[in-house]
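Numbering-wise (UniProt numbering), the sequence shown opens with residue 1 and increments by one. The beta carbon of each residue, even a glycine, is placed where N, CA and C say it ideally should be. Keep in mind it's a predicted model, so treat the numbers as computed, not measured. Take a look at the structure set out below.
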Amino acid sequence: MNQDLPRSINDKPGLVPCQVLPENLESPINNVLTWVTPNDLFYVRTHLSYPTINLQSWTLSIGGEVERSLGFSFKQLKEMPQVDRSVTIECSGNKRAMFEPPVPGEQWGIGAVGNVKWTGVPLAFILDQIKPKDNAVEIVFTGADSGIRPDMDTPVNFERSLPMNKELLGECLLALKMNDEPIPHKHGFPLRLIVPGWYGMAHVKWVTKINLIASPFQGPFQAIDYVYITNEGDYSNAVPVTEMKVNSIITWPSKGEIIHKGQHSIRGLAWTGKGTISKVEVSVDNGMTWNLANITSPEHKEYTWTFWEYTWNIINPGHYFVLARAHDSNGNVQPKAALWNAKGYGNNSIHTVTITVPQVLH
């Protein structure tokens, strides 16, 4: 679906339908003008049916390779130490519709990304309570959402694991709030895992269970989905999808826009997984020359996106290809073409929009 032409649906005004069942909705990213994405404009990614949550009986259960198996109510979680963390989350399928040759899957445009202030309990605080055993190698997070996958006969829950990496887990959050409000149901109420710097599949929604295991997790949303493979069905050299790649988009002008001669501000967003955006460059001649854009974000820090702007003085009429590419603090640069893969993940190719500057007749 072309993100440059946002439409709306009745129950989520402004969001752009990508798939009806299960419901998947893009943010109208060309119209998101605030550093923090409003809850009702944050993209929606679901794999299975929305779960029914009864908060009175809801419990987060934690067990497996731990010294103490514990369970916590929503009230108990709210009484634990809370921290705020602003985090940009991008769906790993963002820009899938731009892969050539095309790949199957939800045909996301450029709007499956957003930046949110999350509030919740540091995962490290929970781990201190349960005391992981030395043989624990991964930690599995189970969501309450369940259903039938096309490739399986029995219902499954959405489950993902993380390695028992102290640095990684120390960044994670069990979020109870989204932009200072209870997390909306479609975004994971009452509890959502936040893994700063990783693609959206890692941020498990509706978390009800945490299980520490002694061998690598092989669930379908870990070993079949969310892996980079060259040929569909061949997992012999599969590489897990993890951290976000450096990426950027142009939010104005939109694709196919007609603008007139004079001074204009090209605007956009840039983000990366680990580190920060170090610079953004813009080309108005299809990549022949590049010009440095200005960073305009109110905040510029790790795990959050960056606003940028470039002033362009248009002198001549014609058709133009406007490109943007981002660099991050680890030396990564957006490629002209992303690494093609059979499932269409991690497309961080340079975003291009075409515009027309008409000849004005006197």
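Below 8 angstroms on the Cβ atoms is my guess for L292 versus K279; work out the distance and round it to an integer in Å. As a position in the sequence shown, residue 292 is number 292, starting the count at 1. As a position in the sequence shown, residue 279 is number 279, starting the count at 1. Correct: roughly 6 angstroms between the Cβ atoms.
Count the CB pairs spanning the region 67 to 78 and the region 43 to 52 that are closer than 8 angstroms, and state whether there are at least three. no
Where does the unbroken alpha helix (DSSP H) through G170 begin, and where does it stop? Within the sequence shown, the letter at position 170 stands for residue 170. Per DSSP, G170 belongs to the alpha helix (DSSP H) from 166 to 171.
Does Y235 pass the burial test, meaning 16 or more other C-beta atoms within 10 Å, or should it be called exposed? Here residue 235 refers to the residue found at position 235 when the sequence shown is read from its first residue. It counts as exposed.
Tell me the rounded alpha-carbon separation between H300 and A324. Numbered from 1 along the sequence shown, position 300 holds the residue referred to as residue 300. Numbered from 1 along the sequence shown, position 324 holds the residue referred to as residue 324. Approximately 19 angstroms, taken between the alpha carbons.
Same chain only: Cβ atoms within 6 angstroms of I350, ignoring 5 sequence neighbours per side: The residue you call residue 350 lines up with position 350 of the sequence shown. Same-chain partners within the cutoff: L323, R325, Q334, K336.
Would you kindly work out how many angstroms separate the C-alpha atoms of T119 and E159, rounded to a whole number? If you number the sequence shown from 1, residue 119 lands on position 119. If you number the sequence shown from 1, residue 159 lands on position 159. Spanning the two alpha carbons is a distance of roughly 22 angstroms.
Length-filtered (4 minimum) alpha helix (DSSP H) runs lying within the region 68 to 92: 74 to 78
Got a sec? Which residues, its chain only, sit under 8 angstroms from T142 by beta carbon, not counting five neighbours each side? Residue numbering aside, residue 142 sits at position 142 when the sequence shown is read from its first letter. Counting only Cβ-Cβ distances below 8 angstroms, and skipping sequence neighbours, we find N157, F158, E159, V204, V207, T208, K209, I210, N211.
Would you tell me roughly how many angstroms separate the C-alpha atoms of C91 and W252, rounded to the nearest one? For this step, residue 91 is matched to residue 91 along the sequence shown. For this step, residue 252 is matched to residue 252 along the sequence shown. Computed Cα separation, rounded: 21 angstroms.
N- and C-terminal bounds of the beta strand (DSSP E) containing D145: Working through the sequence shown from its first residue, we reach residue 145 at position 145. D145 -> beta strand (DSSP E) spans 138 to 147.
Would you list the one or two residues that DSSP bridges to S49? Here the question's residue 49 lines up with position 49 in the sequence shown. Paired residue(s): none; S49 is not in a bridge.
Pairing CB atoms from the region 125 to 140 with CB atoms from the region 106 to 117, are three or more of them under 8 angstroms? no
Just list the residues that DSSP pairs N115 with in beta bridges. On the sequence shown, position 115 is the one that residue 115 refers to. Answer is T88, bridged to N115.
With a 10 Å radius around its C-beta and 16 neighbouring C-beta atoms as the bar for buried, classify Q107 as buried or exposed. As a position in the sequence shown, residue 107 is number 107, starting the count at 1. Buried, since its Cβ has 16 or more Cβ neighbours within 10 Å.
For R7, which residues of its own chain have a beta-carbon under 8 angstroms away from its beta-carbon, when the five flanking residues on both sides are left out? Taking the sequence shown and counting its residues from 1, the one referred to as residue 7 is at position 7. Confidence in R7 is poor, its pLDDT being 37 and thus under 50, which makes the residue's placement unreliable; the coordinate value appears in the next sentence. If we look at R7 and ignore the five residues flanking it on each side, its Cβ neighbours are V16, P17.
Give me the Cα-Cα distance between L5 and I148, rounded to the nearest whole angstrom. Counting from 1 along the sequence shown, the entry for residue 5 is found at position 5. Counting from 1 along the sequence shown, the entry for residue 148 is found at position 148. Caution is warranted here: a pLDDT of 32 is assigned to L5, below 50, making its placement in the model unreliable, and no coordinate value can be reported.
Entirely enclosed beta strand (DSSP E) segments - the region 191 to 258, minimum 3 residues: 192 to 194, 207 to 213, 247 to 252
Can you tell me whether L162 is helix, strand or coil according to DSSP? One-based indexing of the sequence shown puts residue 162 at position 162. Correct three-state label for L162: strand.
Using the Cβ count rule (16 or more neighbours within 10 Å means buried), how would you classify G233? On the sequence shown, residue 233 is found 233 positions in, with the first residue counted as 1. Exposed.
Against chain C, with Cβ distances strictly below 9 angstroms, would S27 count as a contact? Among the chains of the structure shown, chain C does not appear; only one protein chain is present.
Reduced DSSP secondary structure (H/G/I, E/B, other) of H185: As a working mapping, residue 185 is identified with position 185 in the sequence shown. Three-state DSSP puts H185 in a helix.
Note down, in chain order, each residue of its chain lying with its Cβ closer than 6 angstroms to the Cβ of A144, except the 5 sequence neighbours on either side. Working through the sequence shown from its first residue, we reach residue 144 at position 144. Excluding residues within five positions, the ones whose Cβ falls inside 6 angstroms are P51, W206, T208.
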